[in-house]
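Student:
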Amino acid sequence: MSDPVATRGRAGFAGAILIGLALLAVTSAWWFFYYSQYDGARKELDVKLPCVAVTSDDCLSIQQHLLGSMIPVYHPVLFWAGAIVLALGIAQQVSRR
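Take 41 as the starting number for the sequence shown in the working numbering and just add one per residue.
1. Does the pairing of the stretch 57 to 64 with the stretch 75 to 85 give three or more beta-carbon distances under 8 Å?
2. Count the other CB atoms within 10 Å of the CB of Met41; is the residue buried (16 or more) or exposed (fewer)?
3. Evaluate Val117 with the Cβ neighbour count: other Cβ atoms within 10 Å of its Cβ, from every protein chain shown; 16 or more gives buried, anything less gives exposed.
4. Taking the alpha-carbon of Trp70 as reference, which of Met110, Ile130 and Ile124 has the nearest alpha-carbon?
5. Assuming the contact rule is C-beta atoms closer than 8 Å, Ala56 and Gly129 should be a hit. Round their C-beta distance to whole Å, please.
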């Protein structure tokens, strides 16, 4: 018979990993659809890609062009939240082995 405390602990880190991955997936979709409005999905990727994680002057410039967008302005906070939760889940998993 398995220990219920150990089972709950394993579910906790699996949950953190799943939540982190879900946040990163939502962030990726939000970033993609928001920045695709500016010059299409494939153009200027070298400028748009860093906007996933930081808000540079280039990102702010693009955001100025998209002020009338129906999609809310992208902010990298959700990306970092997902990355941190995912990293914590992975760290928990590694430390339990």
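Idealized CB from N, CA, C, for every residue including glycine.
Tutor: In this structure, then:
1. no
2. The pLDDT assigned to Met41 is 48, lower than 50, so where the model puts this residue is not dependable; a value taken from the coordinates is nonetheless given after this. Exposed, because fewer than 16 other Cβ atoms sit within 10 Å of the Cβ of Met41.
3. Counting C-beta atoms within 10 angstroms of its own C-beta, Val117 has fewer than 16 neighbours from the protein chains shown and is therefore classed as exposed.
4. Met110
5. 3 Å
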